[in-house]
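Novice:
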Amino acid sequence: MSALSDQLLVATILTYLAAMVCYASVYTLDRALVGAGAPVPAAPAASGGSRAAELAGRAALVATVVGVAAHLATLVTRGVAAGRVPWGNMYEFVLAVTFVGAVAWLVLVVRRPEVRRLGLYVSLTLMLLLGVAGLLLYTAVSPLVPALNSYWLVIHVTAAVLATGIFLVGFVVAAMYLVRNAHERDANKFAFAARLPRADVLEPLAFRLHTVAFPIWTFAVAAGAIWAEAAWGRYWGWDPKEIWAFISWVVYAGYLHARATPSVRRTVATWIAIVGWLTMLMNLFGVNIFFVGFHSYAGV
Amino acid sequence: MLTGPALRSRLRGSLRSLLALALLRNSWRQLTSMRTALVLLFLLAVAAIPGSVLPQRNVDAAAVGRYFAAHPSLAPVLDRLWFFDVFASPWFSAIYLLLFTSLAGCLIPRLRDHIRALRAVPPDAPQRLDRLPFHAVLSGGDAASLSAALRRRRWRVAVRGQTVAAEKGYVKETGNLLFHFALVGVLVGVALGSWYGWHANRLLVAGPEGAFCNTIQQYDEYGLGPRVDSAQLPRFCLELTDFQASYLDSGQPTSYRASAVVSSPSGVSRPADFSVNSPLRLPGANVYLLGHGYAPVIRYTDRSGQAQTAVTPFPPSDGMLTSEGVVTFPDANRNVGGDTKLQVGFQGLYLPTASSPPFVRSSHPTEQAPMLMLFAYRGDLGIDAGIPRSVYTLDTSRMTSVGQGVLRVGESMTLDDGTRVEFLGTRQFVSLSIRHDPGERIVLVSVAVLLVGLLGSLTGRRRRVWFRVLPSGEVEAGGLARGDYPGFGADFARLVEGVRDVRSV
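Residue numbers (my numbering), protein chains in the order written: chain W, 1 to 300; chain D, 301 to 805.
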């Protein structure tokens, strides 16, 4: 069952790769049109090139759905092999976070079809993270160490996985907003951004995603504190992972406040969200690899 | 009548105080501005970083010691700047105290405003509803049924003649205020915990002789909050009766379970089990299982034939419980040798499963082939000088090496002076943390309130609608979202549609 999960991971990565190729060809097919002198905001379905792009877009979506199914199967088989929730170590955590990210992306694209073109960057991010997980973080299936063997694992880590996955998609949207915004101010910058959704669509969307993820992250940290009290005797002890969870929380809180302050420009606020994601990455990779703390468990 | 210079000096004086007042007001305004709060938030995040990069005393004091050894010139400078106690440092405290002051300065006026808003009736409709961002005309209706329909939808309604004004979404500001006041609650809980809380650590060897009672004299290490009187610690005694650990073949642990007997001052004893993730909760104190290991039992017979037995916990140095420790017999050879001290100490290495040479690492945490290596020293242990020192290291500067050996359980070896040391077996020991934090409950409740407030603040949307029954019998409706609410158009359309349905019923 564990070997099956490993093979499914390869299938998942390949399917996301296929989705990425499809998303990329949407750009290529459209750029051909731009190169031919068509006006940039041309209505898509007007010409053959756009129809091909439309088809590629649909194919990309189908590939994403298949990828998510394979991803789910990877997680389920891993969980069955281990006889527990499949997020007991860093490899499994990244697997679960990217799954949440992929599902969040699908939900987003179904509800807001106009942002479909972000799929290229979402699938790229997913592939990168999954690649890192499979190549660098891979850990063989093993049961939990006693400290992790608690129902709080399900509560705390599930919440952390959910929040991180949604922050991931929020980060992609926020980054693409910054790119698109720069392009709208100066058309010579980031020519590819001509095909991105408008900045005034992306910015509220990025904010929305963060407002969903932030309370979940808050809950994850709180649940972690309750668990820490039972396991280590104190609810908060400034362990490196706790410190970085706190830093991420403060930075994202800063983003929400900056976004609600009229005198702070939206680009500045969005940069704070980008910093927030960097702190999340630091917590996920940096803390597990460089620092030793209570959150250090077998096989990173 | 004031003369020129006196008048001038008085004027100057009042000008100065005015300026001082203005400066104060300005600083206060600056401090409570959102920009300042954002900068402080950012500083708070940045200030926390060194706490994760450098070892911290409150987390791992030994790691701080190692850092000092590795960076002898840099470490004292960092230490003077509180970099090994980041979260107790004046600069970290300054940031969060300023942040909370800024917060209070912002919250109190907002609370006042919000209470006023909660008690106020929705304002009257503007003259021209068609100038509002959202506008609709209904074919008919009357103020009474409209206001009833709105109230059913939980709008706050005010009817003025033929005009119905309604407002909704106070939960946004309520939630926002709850969230921020809950943050203050968290801070209060943390402060109470550090003032009135205490913690202590202790290694506890299984068996009745190992039992200890909750007094600071019996702890290896402790920390009392500034408002805690050591005589007021709750009274109980604890004896470890058994410790069970199970492992995989790979040596990875799968479960720990400690069994103990708790005795209260009234003399009542009761058995109690605890393990990692399920601490022993006693009135006024919780006992947490943090680690475990083996304590070799060693009997030493000195030159006068006196036998003494020591049970000494050997702290494990790896996951396979390769354990190192020091066994001392300070009373050995007391009656012989006169003035020269002939105390005996051993450095020991214990391997619960010694499977292959060179026998420096255990290959499994269970005792499948236990082996104890002892290095014997004789002389002055240096413990009578009154200098505090670690019980896990042997100061051999005034001792001489007098033999070494490898012992299996039950085996013994003879030292150069004919004295004998025997390895009788091992006992389990656990390392415990005993803690009490009275601020915990306040923090927990505050965090729960914080989450509820956060949800309200992020999902609530304040908006106003007005309906006006025109002389023609038609009803004009207008809507206005206060603040960021991209979906208000759809919401307004739904509301108008719903109100229309109600009227036709």
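All residues carry an ideal CB built from backbone N, CA and C; glycine is no exception.
Rounded to whole angstroms, what is the Cα-Cα separation between D/Asp424 and W/Pro215?
Specialist: As a first step, residue 424 of chain D must be located in the second sequence, where it is residue number 124. As a first step, residue 215 of chain W must be located in the first sequence, where it is residue number 215. About 36 Å.
Novice: For D/Val486, I'd like the list of residues in its chain whose CB is within less than 6 Å of its CB, leaving aside the five on either flank, ordered along the chain.
Specialist: Here residue 486 of chain D refers to the residue found at position 186 of the second sequence. Excluding positions up to five away in sequence, the list reads Val743 and Ser746.
Novice: Does chain W have any CB closer than 8 Å to the CB of D/Ala676?
Specialist: Within the second sequence, residue 676 of chain D is the residue found at index 376, counting from 1. Not closer than 8 Å to any Cβ of chain W, the Cβ of D/Ala676 fails to qualify, so no.
Novice: Return the chain-ordered ranges of every beta strand (DSSP E) run that is complete within the segment 331–404 of chain D and spans a minimum of 3 residues.
Specialist: Segments of the beta strand (DSSP E) lying fully in the segment 331–404 of chain D: there are none.
Novice: Consult DSSP for W/Val145 and reduce its assignment to one of helix, strand or coil.
Specialist: Looking up residue 145 of chain W in the first sequence gives position 145. Looking at W/Val145 - three-state DSSP - the assignment turns out to be coil, as it is neither helix nor strand.
Novice: By how many angstroms is the C-alpha of D/Leu418 removed from the C-alpha of D/Ile408?
Specialist: Taking the first residue of the second sequence as position 1, residue 408 of chain D is located at position 108. Taking the first residue of the second sequence as position 1, residue 418 of chain D is located at position 118. Rounded to whole angstroms, D/Ile408 to D/Leu418 spans 15 Å at the Cα level.
Novice: Taking DSSP as the reference, what is the three-state secondary structure of W/Ser47?
Specialist: By 1-based counting over the first sequence, the position of residue 47 of chain W is 47. Because the pLDDT at W/Ser47 is just 45, under 50, the model does not fix this residue reliably, and the value given afterwards should be weighed accordingly. It is coil, neither helix nor strand.
Novice: Output yes or no for whether 8 Å exceeds the beta carbon distance between W/Leu8 and W/Thr74.
Specialist: One-based indexing of the first sequence puts residue 8 of chain W at position 8. One-based indexing of the first sequence puts residue 74 of chain W at position 74. It is a contact, given that the beta carbons lie within the stated cut-off.
Novice: Verify the CB distance criterion: does D/Leu754 have a CB-CB separation below 8 Å to chain W?
Specialist: Within the second sequence, the letter at position 454 stands for residue 754 of chain D. Yes, D/Leu754 lies at the interface with chain W (some Cβ there is under 8 Å from its Cβ).
Novice: As a quick exercise: from D/Ala632, D/Ala345 and D/Ser733, pick the residue whose alpha carbon is nearest that of D/Val721.
Specialist: One-based indexing of the second sequence puts residue 721 of chain D at position 421. Of D/Ala632, D/Ala345 and D/Ser733, the residue nearest in Cα terms is D/Ala632.
Novice: Answer with yes or no whether the minimum CB distance from W/Glu229 to chain D is below 8 Å.
Specialist: Counting from 1 along the first sequence, the entry for residue 229 of chain W is found at position 229. Yes, contact with chain D.
Novice: Tell me the DSSP bridge mates of D/Glu774?
Specialist: Sequence index remark: in the second sequence, residue 774 of chain D carries index 474 (1-based). Paired residue(s): none; D/Glu774 is not in a bridge.
Novice: By the three-class DSSP mapping on this structure, what secondary structure does W/Val283 have?
Specialist: Along the first sequence, read from residue 1 onward, the residue named residue 283 of chain W stands at position 283. The question names Val, but residue 283 of chain W in the sequence shown is Asn. In the structure shown, W/Asn283 sits in a helix (DSSP, three-state: H, G or I).
Novice: Comparing the C-beta of W/Gly35 with each C-beta of chain D, is any distance below 8 Å?
Specialist: As a first step, residue 35 of chain W is located in the first sequence; it is residue number 35 there, counting from the start. Summary for W/Gly35: the model assigns pLDDT 42, below 50, so the residue's position carries little reliability; its value from the coordinates is reported in the next sentence. Not an interface residue.
Novice: Return the residues of the segment 198–224 of chain W that lie within a Cβ-Cβ distance of less than 7 Å from chain D, sorted by chain order.
Specialist: The segment 198–224 of chain W vs chain D, Cβ under 7 Å: Pro204, Thr211, Pro215, Thr218, Phe219 and Ala222.
Novice: Just verifying my parser: in three-state terms, what is the DSSP assignment at W/Gly131?
Specialist: By 1-based counting over the first sequence, the position of residue 131 of chain W is 131. Helix, per DSSP.
Novice: With 8 Å as the limit, tell me which residues of the segment 332–348 of chain D have their beta carbon closer than that to any beta carbon of chain W; keep them in chain order.
Specialist: Within the segment 332–348 of chain D, the qualifying residues are Met334, Arg335, Ala337, Leu338, Leu341, Phe342, Leu344, Ala345 and Ala348.
Novice: Tell me, please, whether the CB atom of W/His167 is closer than 8 Å to any CB atom in chain D?
Specialist: Start at 1 with the first residue of the first sequence, and residue 167 of chain W comes out as number 167. Per the sequence shown, residue 167 of chain W should be read as Phe rather than His. No, no contact with chain D.
Novice: According to the neighbour-count rule (16 or more other Cβ atoms, all chains shown, within 10 Å of its Cβ), is D/Leu311 buried or exposed?
Specialist: Counting from 1 along the second sequence, the entry for residue 311 of chain D is found at position 11. When all chains shown are included, D/Leu311 counts as exposed.
Novice: Residues in the same chain with beta-carbon distance under 8 Å from D/Val505, minus the five sequence neighbours each way, listed in chain order, please.
Specialist: Residue 505 of chain D sits at position 205 when you count from the first residue of the second sequence. Excluding residues within five positions, the ones whose Cβ falls inside 8 Å are Leu540, Ala595, Val611, Pro613, Arg727, Gln728 and Phe729.
Novice: If you draw a straight line from the alpha carbon of D/Glu797 to that of W/Arg112, how long is it in whole angstroms?
Specialist: To locate residue 797 of chain D, count along the second sequence from 1; it is residue 497. To locate residue 112 of chain W, count along the first sequence from 1; it is residue 112. Rounded to whole angstroms, D/Glu797 to W/Arg112 spans 24 Å at the Cα level.
Novice: Using DSSP bridges, identify the partner residues of D/Asn586.
Specialist: Here residue 586 of chain D corresponds to residue number 286 of the second sequence, with the count starting at 1. DSSP lists D/Arg581 and D/Arg735 as partners of D/Asn586.
Novice: What residue from D/His499, D/Gln552, D/Leu589 and D/Arg456 has the CA that sits closest to D/Ala558's CA?
Specialist: The residue given as residue 558 of chain D occupies position 258 in the second sequence. It is D/Leu589.
Novice: Roughly how many angstroms lie between the CA atoms of W/Glu114 and W/Val157, to the nearest whole one?
Specialist: Here the question's residue 114 of chain W lines up with position 114 in the first sequence. Here the question's residue 157 of chain W lines up with position 157 in the first sequence. Using only the alpha carbons, I get a separation of about 32 Å.
Novice: Go through its chain and collect everything with a Cβ distance to D/Leu707's Cβ below 6 Å, but skip five positions before and after it.
Specialist: Sequence index remark: in the second sequence, residue 707 of chain D carries index 407 (1-based). Leu672 and Phe723, listed in sequence order.
Novice: In terms of residue numbering, what span does the alpha helix (DSSP H) encompassing D/Gly489 cover?
Specialist: Position 189 of the second sequence holds residue 489 of chain D. First-last of the alpha helix (DSSP H) with D/Gly489: Val471 to Tyr496.
Novice: May I ask which residues mark the beginning and end of the beta strand (DSSP E) holding W/Met176?
Specialist: As a first step, residue 176 of chain W must be located in the first sequence, where it is residue number 176. Premise fails: W/Met176 lies in the alpha helix (DSSP H), Thr158 to Arg185, not in any beta strand (DSSP E).
Novice: Would you say D/Phe368 reaches chain W, if we count a Cβ-Cβ gap shorter than 8 Å as a contact?
Specialist: The residue given as residue 368 of chain D occupies position 68 in the second sequence. It does not: the Cβ of D/Phe368 has no partner Cβ on chain W nearer than 8 Å.
Novice: Checking contacts by CB at 8 Å: is W/Ser2 closer than that to chain D?
Specialist: Walking along the first sequence from the start, residue 2 of chain W turns up at place 2. By this cut-off, W/Ser2 is not an interface position.
Novice: Please determine if the segment 318–330 of chain D and the segment 218–238 of chain W are in contact, where contact requires at least 3 C-beta pairs separated by less than 8 Å.
Specialist: The answer is no - the segment 218–238 of chain W does not touch the segment 318–330 of chain D, with fewer than three Cβ pairs under 8 Å.
Novice: Assuming W/Leu128 and W/Tyr91 make a contact with CB atoms under 8 Å, what is their CB distance in whole Å?
Specialist: Taking the first residue of the first sequence as position 1, residue 128 of chain W is located at position 128. Taking the first residue of the first sequence as position 1, residue 91 of chain W is located at position 91. At roughly 15 Å, the Cβ-Cβ gap does not stay under 8 Å, so W/Leu128 and W/Tyr91 are not in contact.
Novice: Checking the sheet assignment: what are the DSSP bridge partners for D/Pro596?
Specialist: For the purposes of this step, residue 596 of chain D is identified with residue 296 of the second sequence, where counting begins at 1. D/Thr726, per the DSSP bridge assignment.
Novice: Any idea what DSSP makes of D/Lys468, helix, strand or coil?
Specialist: Start at 1 with the first residue of the second sequence, and residue 468 of chain D comes out as number 168. Residue state, collapsed to three classes: strand.
Novice: Roughly how far, in whole angstroms, is the beta-carbon of D/Lys468 from the beta-carbon of D/Trp455, given that I think they are within contact range, below 8 Å?
Specialist: Stepping through the second sequence from its first residue, residue 468 of chain D is reached at position 168. Stepping through the second sequence from its first residue, residue 455 of chain D is reached at position 155. Confirmed, about 5 Å.
Novice: Taking the alpha-carbon positions, what's the W/Val109 to W/Arg116 distance?
Specialist: Counted from its first residue, the first sequence places residue 109 of chain W at position 109. Counted from its first residue, the first sequence places residue 116 of chain W at position 116. Their backbone Cα atoms lie some 6 Å apart in a straight line.
Novice: Under a Cβ-count criterion, where at least 16 other Cβ atoms within 10 Å of its own Cβ denotes burial, should W/His71 be classed as buried or exposed?
Specialist: Locating residue 71 of chain W in the first sequence gives position 71, where the first residue counts as 1. Buried: at least 16 other Cβ atoms inside 10 Å.
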